[in-house]
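Shown next, in C-alpha cells, is the structure this report addresses.
Protein chains: 2
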Amino acid sequence: MDAATCLRKLQYVGVLSFATVDETGAPQVRNISAIHYEKDEIYFFTARGKDFCRELLSDGRVQVLGYTKYKEMIRLSGKAAPVPEERQKKWIDNIFREQPYLANVYPGDTRKIGIVFVIRDAQIEYFNLGVRPIFRESYTIGEGNVTLKGYQITEDCIGCGTCVQNCPQGCIEPGQPFAIQQEHCLHCGSCFEHCPVSAVQRR
Amino acid sequence: MDAATCLRKLQYVGVLSFATVDETGAPQVRNISAIHYEKDEIYFFTARGKDFCRELLSDGRVQVLGYTKYKEMIRLSGKAAPVPEERQKKWIDNIFREQPYLANVYPGDTRKIGIVFVIRDAQIEYFNLGVRPIFRESYTIGEGNVTLKGYQITEDCIGCGTCVQNCPQGCIEPGQPFAIQQEHCLHCGSCFEHCPVSAVQRR
Chain L
1 MDAATCLRKL
11 QYVGVLSFAT
21 VDETGAPQVR
31 NISAIHYEKD
41 EIYFFTARGK
51 DFCRELLSDG
61 RVQVLGYTKY
71 KEMIRLSGKA
81 APVPEERQKK
91 WIDNIFREQP
101 YLANVYPGDT
111 RKIGIVFVIR
121 DAQIEYFNLG
131 VRPIFRESYT
141 IGEGNVTLKG
151 YQITEDCIGC
161 GTCVQNCPQG
171 CIEPGQPFAI
181 QQEHCLHCGS
191 CFEHCPVSAV
201 QRR
Chain Z
1 MDAATCLRKL
11 QYVGVLSFAT
21 VDETGAPQVR
31 NISAIHYEKD
41 EIYFFTARGK
51 DFCRELLSDG
61 RVQVLGYTKY
71 KEMIRLSGKA
81 APVPEERQKK
91 WIDNIFREQP
101 YLANVYPGDT
111 RKIGIVFVIR
121 DAQIEYFNLG
131 VRPIFRESYT
141 IGEGNVTLKG
151 YQITEDCIGC
161 GTCVQNCPQG
171 CIEPGQPFAI
181 QQEHCLHCGS
191 CFEHCPVSAV
201 QRR
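Chains as they are written, first to last, in the UniProt record's numbering: chain L, 1 to 203; chain Z, 1 to 203.
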C-alpha cells in the first residue's frame, strides 16, 4: 500500500467525512463529496457562508476519513488552505464538471458563493480491521509527517511474556526486549496495562 | 422525520464516523461500528489504550456522522460518558453478541481491555442534499439542545429581492421582512453576502 493508492481508494469511496474543530473547541464532522483528486493533492468545494468554511479559514486543520467497501479505513490528516483567488473559478468549474449533482444544489451563477480548498501536506493512515492480524500503515503526501502512535516495549522488559498472553492480535514477538509488530497493533493498550514492570510506554 | 427514525437509520448504516478533539486541539475522526442502539441512547465500544478513549475521557464531546444509502446525512452531537464500572461487562458482552466480528479482533478474555461509552443527551441533524429544495431538520434526544445555525433576515430588510435572486435553493419568501425557509437552507451565505443593506445576519 502507498499514499497514491490510498487517495485512489478515497476517490472510489466518493463521500468522505471531513472533521474540523469549531470556535468553541468542539468536534465537527460532515460528509463531503465535492472533491477533485490529483495524484498527491485533494481539492474540495464548500460555500463561504458555512461554519465548515469558517473553521477551515480560522484553523485549517482537517481530518478526512473514508471507509471502503473492502472495510478499510483511510484517514488523511493535514491542513486545508483556500486556492489563490485567481484560480478559484477554474477549480469550482472543474469540480462542478466532475460532479454534475452540484449544479442542482448551486444552479447557474450561484456557485459563485463557493470556495475551493486544497490539502497538499498530509499524513495518511491505512487501517484494515478485516484481516487477522489487523493491518495498519502510515504514509505521507507533500511535506506531511507521520505521527507515531500506539505503544513500544522498552529495555526494562524482563521477558516474562505477560504482554504476549494479553495481546488480542498476537503481535508481540519475544526478544530482549519483546517487540510489538507495529503494523499489526490495535493500540488497545492491553500490553501497557498488564506489564508487571511498566516496561511498555506510549510512543 | 424524528430523532428515533434518525437513530434507526444510523443503525442501518452500521459504520459511522466519530469525531473528537485531541489534546492539541486537532480534529480526529474514526470509523466505529461496535455500537448498540437503544430507542434514545447509543452505546459504543472502544479500547482503553486508544487515543479515542483518552479524548472521550478528557473532553467527552463527540460528533457522530452517518451517510445513508438514500444520500441522507445524519449527525449526532453530544457528550459521551463511560457506563458505570459495574455495568461495563454487561455492555461489552452485549455489543460483542450483536457484532460477532469483534470476537475476532478481541478474542477470548482480551475484550476486557474494552470500555463502553454512552451518549444520552444529544442534538441530531438530518440533512438531505438529494431533494430539491434540499431538506434539513434538527431533533434532540435526552436533554440535548438544538443549536440554531445558518442565517435570518432582520427588520432592516427593504424588500428589494436581491437575496431571492441569489439563493441557490429558492428558499426565501417575500414579506416584511423577507424570510428564509430554514428547512430548505444550505447555509451557503449567499443572501448574507448579497444583501445591499446588511439585513441578513447569522443565527
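Beta carbons are placed, not taken as given, at the ideal position from N, Cα and C, and that holds for glycine.
Rounded straight-line distance, which links the Cα of residue j to that of residue i
i: Lys112 (chain Z); j: Phe96 (chain Z); result: 11 Å
i: Lys89 (chain Z); j: Leu102 (chain Z); result: 15 Å
i: Thr5 (chain L); j: Asp51 (chain Z); result: 26 Å
i: Gly150 (chain Z); j: Pro107 (chain Z); result: 47 Å
i: residue 209 (chain L); j: Asp121 (chain L); result: Given a span of 1 to 203 for chain L in the structure shown, any question on residue 209 (chain L) remains unanswerable.
i: Ala179 (chain L); j: Gln181 (chain Z); result: 60 Å
i: Arg48 (chain Z); j: Asn31 (chain Z); result: 17 Å
i: His194 (chain L); j: Val164 (chain L); result: 10 Å
i: Pro84 (chain L); j: Val116 (chain L); result: 9 Å
i: Ile158 (chain L); j: Cys167 (chain L); result: 17 Å
i: Arg202 (chain Z); j: Gln152 (chain Z); result: 6 Å
i: Ile92 (chain Z); j: Ala81 (chain Z); result: 15 Å
i: Val29 (chain Z); j: Glu55 (chain Z); result: 11 Å
i: residue 227 (chain L); j: Ala3 (chain L); result: Nothing can be reported for residue 227 (chain L), as the shown portion of chain L is limited to 1 through 203.
i: Ile74 (chain L); j: Met1 (chain Z); result: 32 Å
i: Val15 (chain Z); j: Ser198 (chain L); result: 35 Å
i: Glu41 (chain L); j: Glu41 (chain Z); result: 39 Å
First and last residue of the uninterrupted beta strand (DSSP E) at residue i
i: Lys90 (chain L); result: No beta strand (DSSP E) holds Lys90 (chain L); the alpha helix (DSSP H) holding it covers 85–98.
i: His184 (chain Z); result: First-last for His184 (chain Z): undefined, no H or E at that position.
i: Gln165 (chain L); result: Segment 162–166 is the alpha helix (DSSP H) holding Gln165 (chain L); no beta strand (DSSP E) there.
i: Tyr37 (chain Z); result: 35–38
i: Gln63 (chain L); result: 61–67
i: Leu148 (chain L); result: Run containing Leu148 (chain L): none; DSSP gives neither H nor E here.
i: Ala47 (chain L); result: 41–47
i: Val105 (chain Z); result: Where Val105 (chain Z) is concerned, there is no enclosing beta strand (DSSP E), although the alpha helix (DSSP H) it sits in stretches over 102–105.
i: Glu23 (chain L); result: Note, Glu23 (chain L): premise wrong, no beta strand (DSSP E); not H, not E.
i: Glu137 (chain L); result: 135–141
i: Val200 (chain L); result: 200–202
CB contact below 8 Å: residue i versus chain L
i: Pro177 (chain Z); result: no
i: Ala47 (chain Z); result: yes
i: Ala81 (chain Z); result: no
i: Ala199 (chain Z); result: no
i: Asn166 (chain Z); result: yes
i: Pro107 (chain Z); result: yes
i: Tyr67 (chain Z); result: yes
i: Ile134 (chain Z); result: yes
i: Arg31 (chain Z); result: For clarity, residue 31 (chain Z) is Asn in the given sequence; the question names Arg instead. Yes, because at least one Cβ of chain L sits closer than 8 Å to the Cβ of Asn31 (chain Z).
i: Asn145 (chain Z); result: no
i: Val13 (chain Z); result: no
i: Gln63 (chain Z); result: yes
i: Leu76 (chain Z); result: no
i: Gln28 (chain Z); result: yes
Enclosing alpha helix (DSSP H) for residue i [first to last residue]
i: Ser58 (chain Z); result: 51–58
i: Cys79 (chain L); result: Correcting the residue identity first, residue 79 (chain L) is Lys in this sequence and not Cys. Note, Lys79 (chain L): premise wrong, no alpha helix (DSSP H); beta strand (DSSP E) at 72–82.
i: Gln176 (chain L); result: Segment: none, Gln176 (chain L) is in no alpha helix (DSSP H) and carries neither H nor E.
i: Ala4 (chain Z); result: 3–13
i: Val116 (chain L); result: Segment 114–128 is the beta strand (DSSP E) holding Val116 (chain L); no alpha helix (DSSP H) there.
Check whether residue i and residue j have beta carbons under 8 Å apart
i: Pro133 (chain Z); j: Cys191 (chain Z); result: no
i: Pro196 (chain Z); j: Thr162 (chain Z); result: yes
i: Val146 (chain Z); j: Ser138 (chain Z); result: yes
i: Gln99 (chain L); j: Ala26 (chain L); result: no
i: Lys39 (chain Z); j: Gly60 (chain Z); result: no
i: His187 (chain Z); j: Gln169 (chain Z); result: no
i: Val118 (chain Z); j: Tyr43 (chain Z); result: yes
i: Ser17 (chain Z); j: Ser17 (chain L); result: yes
i: Lys71 (chain Z); j: Leu148 (chain Z); result: no
i: Phe45 (chain L); j: Gly114 (chain L); result: yes
Proximity test, Cβ basis, 8 Å: residue i and chain Z
i: Ala34 (chain L); result: no
i: Val116 (chain L); result: no
i: Lys9 (chain L); result: no
i: Pro196 (chain L); result: no
i: Gly25 (chain L); result: yes
i: Met1 (chain L); result: no
i: Cys188 (chain L); result: yes
i: Asp121 (chain L); result: no
i: Asp93 (chain L); result: no
i: Asp51 (chain L); result: yes
i: Lys149 (chain L); result: yes
i: Ser17 (chain L); result: yes
i: Glu193 (chain L); result: yes
i: Thr5 (chain L); result: no
i: Thr162 (chain L); result: no
i: Leu56 (chain L); result: no
i: Asn104 (chain L); result: yes
Is it a yes or a no for the segment 10–17 of chain Z touching the segment 55–74 of chain Z, going by three-plus beta-carbon pairs under 8 Å? Here the segment 10–17 of chain Z lies against the segment 55–74 of chain Z, with 3 or more beta-carbon pairs under 8 Å apart.
Sufficient close CB pairs (3 or more, under 8 Å) joining the segment 116–136 of chain L to the segment 172–179 of chain L: Counting C-beta pairs closer than 8 Å gives fewer than three between the segment 116–136 of chain L and the segment 172–179 of chain L, which falls short of the contact rule.
Do the segment 18–25 of chain L and the segment 15–28 of chain Z meet, that is, are 3 or more Cβ pairs less than 8 Å apart? Enough Cβ pairs lie closer than 8 Å, so yes.
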